[in-house]
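For what it's worth, the working numbering labels the leading residue of the sequence shown as 23, then goes sequentially. Contents: one structure, followed by commentary.
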Amino acid sequence: MPTQTTCGVYGCNRAAWCRFASGIHATEIRCRRHALVYGPVCGRAITVALVVGTILVAINQGDVLLSGHLTALVVAKIGLTYLVPFSVSTYSALAANRLPAR
Ligand SMILES: [Zn+2]
């Protein structure tokens, strides 16, 4: 059980919020802000967003894309379609690694 109470990023003194496994026995403690930009979490969220977002765009906007009637509204919907799996993946990773309240 980690006893570290502040963020492990150099120069950051915010309260610890998440604990990520970074090796067999190593962990990284991050504050809320630095947990959001933690590389492995962001990388996985981007991968999930690209895969799931592309499938959802094909399902929901495939007919519009194939017909060539692309509008600003459809482009906005496509952007939001990619944002949803990115947000879900990020939230899930942070919730699963969140430290218990002190
Ligand atoms: Zn921090």
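Yeah, the Cβ is synthetic: ideal placement off N, Cα and C, and Gly gets one too. The structure presented is a predicted model; accordingly, all values stated were derived computationally and were not measured.
Can you tell which of the options has the C-alpha that lies nearest to the C-alpha of residue i?
i    : options             : result
S111 : V74, C53, A38       : V74
R54  : R36, N82, V86, Y104 : R36
G101 : I51, V31, N82, H56  : N82
I77  : S89, A98, T103      : T103
A80  : I68, T69, V96, Y32  : V96
F38  : T28, I46, Y32, H47  : It is Ala, not Phe, that sits at residue 38 in the sequence shown. Taking only the C-alpha atoms, the option nearest A38 is T28.
A117 : V31, C34, C40       : C40
Can we count residue i as close to ligand 1, meaning its CB is less than 8 Å from some heavy atom?
i    : result
R41  : no
R120 : no
V96  : no
H56  : yes
For the beta strand (DSSP E) containing residue i, name the first residue and the last one.
i   : result
A5  : Only positions 23 to 124 of the chain appear in this structure, which leaves residue 5 out of reach.
R41 : 40-43
R52 : 49-52
I need the boundaries of the alpha helix (DSSP H) containing residue i, first residue and last residue.
i    : result
I100 : 94-119
A67  : 61-89
Roughly how many whole angstroms lie between the Cα atoms of residue i and residue j?
i   : j   : result
R66 : H91 : 32 Å
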